Amino acid sequence: MADEVDESIEELSEGNKSEETEIIDPIKVLESKVEELEKEKQYSTAEMVNLRQRYARERNTLVKFSSMNLSSKILPVLDNLEKAISIENSQTEKILEGVTMTMETLKTVLENEGVIKIDALEQIFNPSFMEAIAVIPVPEGKEPGTVVEVIEEGYMFHERVLRPVKVIVSEE
């Protein structure tokens, strides 16, 4: 560093040889070099802080959504359990009770992981998290553009759509 300053002083001295010779103050040259290095250090420090913050945000997002793929694969199991429960038969009461308990446990596990069922029935159709399978004439007492029937339940994973709700919508 001292060599760089000496070279800078020599270059300035040689470059300014004219009729009027300027006196170069080595202290000013050193002060400007120190100021320049301090600015570089400050920039590097700020860049490092920004990188750490970005890394922390990316890591949090990765952790938050890491089980999204597994959750997506479990949803058909939940659908089948719900279908099994909807079939009523007096001989299958004990099986139905076991399936119900299994389904409730599975729902609790999914909810704890951030999987939440989308409430769509009688809501205004929203293409952001609903998929219209069919459109029917407006039934009496219903508003146009609302969900009349849910064909397949949809789920959110935190704030992302895991699976859209498949619905039948009334005409607008």
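One rule links them: number in the working numbering = place in the sequence shown (from 1) + 58. All C-beta atoms in this analysis are idealised placements derived from N, C-alpha and C, irrespective of residue type, glycine included. Being a predicted model, the structure only gives us computed values, none of them experimental.
Asked                                                                                      : Found
In DSSP terms, what K224 is bridged to                                                     : E189 and E210
Residue nearest to L133 in terms of C-alpha spacing, selected from A104, A192 and I176     : I176
Own chain residues within Cβ distance below 7 Å of P202, not counting five before or after : V196, S228, E229 and E230
C-alpha gap between L136 and R112, whole angstroms                                         : 36 Å
Helix, strand or coil at K200 according to DSSP, with G and I counted as helix             : coil
Coil, strand or helix - I85 by DSSP                                                        : helix
C-alpha distance - F215 paired with Q100, whole-angstrom precision                         : 41 Å
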